[in-house]
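Chains as they are written, first to last, in our numbering: chain G, 2 to 297; chain E, 8 to 284.
We put the beta carbon where it would ideally sit given N, CA and C, even for glycine.
A quick note: this is a predicted structure, and the numbers were derived from the prediction, not measured.
Structure first, commentary second.
Here it is, written out as structure tokens:
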């Protein structure tokens, strides 16, 4: 499912990439930016967390002309006199103005790096309201946001992800630079599809899907590994011939209570002693009622 | 500076990555020996160093750096080291006097809710006035890229500053020093207690650590040994490179054990301590 999402998000779509401190989702975010640029779409990046150079690092070629970086990194809180874009300007009017500054025939894709920064300074209901207005507004075609799930309460994360049409949670795998992406996609008909895929990202930001996590377990036992047979090359014989095996299986083990022994005990043979028993009142001793006078 | 740590991090006083945000953290341990490493490393590399020493006095760092072969007093006199002695400065805020002309860097002590903007202003004005400028006064030496060291950020939480304010402060420091001036930032944050799955611990040092981890490019996390106290091995350090390296490795983690000596610290792969081999 990951390659399909990379190929395009439906109009009005909202994709959230959730990551944590152990694995950064920014590389996957850059893959999405890269594939959007390759599709000749205009991409507007609202950058709070990383600088322009760092975000554009690795994205090469002429498509980069279509990438418009709005600098909210150097002064997001207005601590200097001339802030470029502050976090308090995150509202429908300002964002629409920002996107419409560059004239492009098609509506653009808005990438927010990151939503966590905004959620730290604005209340979640306001952020959700702005995101929903953006989706319905028409100024942007699709929104992609990066969210650090371990920085917020689960309720906040849940509320924002509820607005999304697709959520990708990235979790690292122990070995190498692969990661597991847990994808939830909600289509317009209301159908929800979920998937888990292992992927890795190459230098040019192409994503290679390498199968499902459940496949990873057995694959790790290397099939090429030759198992040496310990019973080969011995000076004594450890094997059984067929007759020997039959005799072995027929053997009754001494202390096993088999069916034959049970019948032998129950039906005693001729001439052996017999036990005649008549129920005696003294034998009928009830531990919980020793005097036998309870009316239970 | 510790030579083994230099080889682990692939840094020397002559060549180190610029624009890096290094996060030193510890959990129930003491990572301040790493601060002394970076302080002596960058002073030897002839960088101009701004040190926000919020937890110890200048003499403390000076005495330890003396053992590492670097004189802080000399560096301060030459202008290479700008030291904000947090403990001293806080007195002028808590007991204001009429003849006080000191900067309001520690002004957040009187009103923690205001945030760390004044502390950032102190850093910014100091760094941009001398570190980034090309005109140097006659006779003044030219120093290398600016470096900001903070020891430590968790004490700000204890002083009533919110986690969000500290994260904003570190963000602005990074934006100014790392991105704008291509310098380095090294910050120490300390946690006590186990790593919990917090759900709403808004004021915890765990949240601060996670937030800073997202911002940084290199983390060194110091912990005690999981098996308990050992006389010859003082703990373990997990080094994690978060930014893309030249060969495309995105996140690389390495674990080392260390022992702190009188004049340094030695680092070795787990199980290869000289006491064991």
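DSSP state of residue i, grouped into three classes?
i: residue 213 of chain G; result: coil
i: residue 2 of chain G; result: coil
i: residue 14 of chain G; result: strand
i: residue 52 of chain G; result: coil
i: residue 272 of chain E; result: strand
i: residue 234 of chain G; result: coil
i: residue 86 of chain G; result: coil
i: residue 40 of chain E; result: helix
i: residue 281 of chain E; result: coil
i: residue 224 of chain E; result: coil
i: residue 174 of chain G; result: coil
i: residue 153 of chain E; result: strand
i: residue 295 of chain G; result: coil
Would you call residue i buried or exposed, if buried means 16 or more other Cβ atoms sit within 10 Å of its Cβ?
i: residue 154 of chain E; result: buried
i: residue 102 of chain E; result: exposed
i: residue 31 of chain G; result: buried
i: residue 194 of chain G; result: exposed
i: residue 93 of chain E; result: buried
i: residue 50 of chain G; result: buried
i: residue 75 of chain G; result: buried
i: residue 102 of chain G; result: exposed
i: residue 186 of chain G; result: buried
i: residue 115 of chain G; result: buried
i: residue 188 of chain G; result: exposed
i: residue 253 of chain G; result: exposed
i: residue 110 of chain G; result: buried
i: residue 131 of chain G; result: buried
i: residue 278 of chain G; result: exposed
i: residue 81 of chain G; result: exposed
i: residue 55 of chain E; result: buried
i: residue 159 of chain G; result: exposed
i: residue 56 of chain G; result: buried
i: residue 276 of chain E; result: exposed
i: residue 85 of chain G; result: exposed
i: residue 17 of chain E; result: exposed
i: residue 122 of chain E; result: buried
i: residue 73 of chain E; result: exposed
i: residue 258 of chain G; result: exposed
i: residue 100 of chain G; result: buried
Going by the DSSP bridge assignment, what does residue i pair with across the sheet?
i: residue 113 of chain G; result: G:47, G:146
i: residue 24 of chain G; result: G:21
i: residue 263 of chain E; result: E:244
i: residue 194 of chain G; result: G:186
i: residue 34 of chain E; result: E:198, E:230
i: residue 60 of chain E; result: E:92, E:158
i: residue 319 of chain G; result: Missing from the structure shown is residue 319 of chain G; chain G here goes from 2 to 297 and no further.
i: residue 168 of chain G; result: G:17, G:185
i: residue 193 of chain E; result: E:29, E:156
i: residue 70 of chain G; result: G:46
Distance cutoff 8 Å, beta carbons only. Does residue i sit that close to anything in chain B?
i: residue 22 of chain G; result: Absent here is chain B; the protein component of the structure consists of chains G and E.
Validate contact between the region 23 to 33 of chain E and the region 174 to 194 of chain E using beta carbons, cut 8 Å, 3 pairs: yes
Whole alpha helix (DSSP H) elements within the region 70 to 103 of chain E, 4-residue minimum: 79 to 85, 93 to 101
Would you say the region 214 to 228 of chain E touches the region 160 to 172 of chain E, given that touching needs at least three Cβ pairs under 8 Å? yes
Can we say the region 167 to 178 of chain G touches the region 41 to 55 of chain G, given the rule of at least three CB pairs closer than 8 Å? no
Between the region 280 to 292 of chain G and the region 44 to 52 of chain E, do three or more beta carbon pairs fall short of 8 Å? no
Would you call the region 265 to 280 of chain E in contact with the region 237 to 245 of chain E, where contact means no fewer than 3 C-beta pairs closer than 8 Å? yes
The region 31 to 40 of chain G / the region 224 to 237 of chain E touching (three or more Cβ pairs under 8 Å): no
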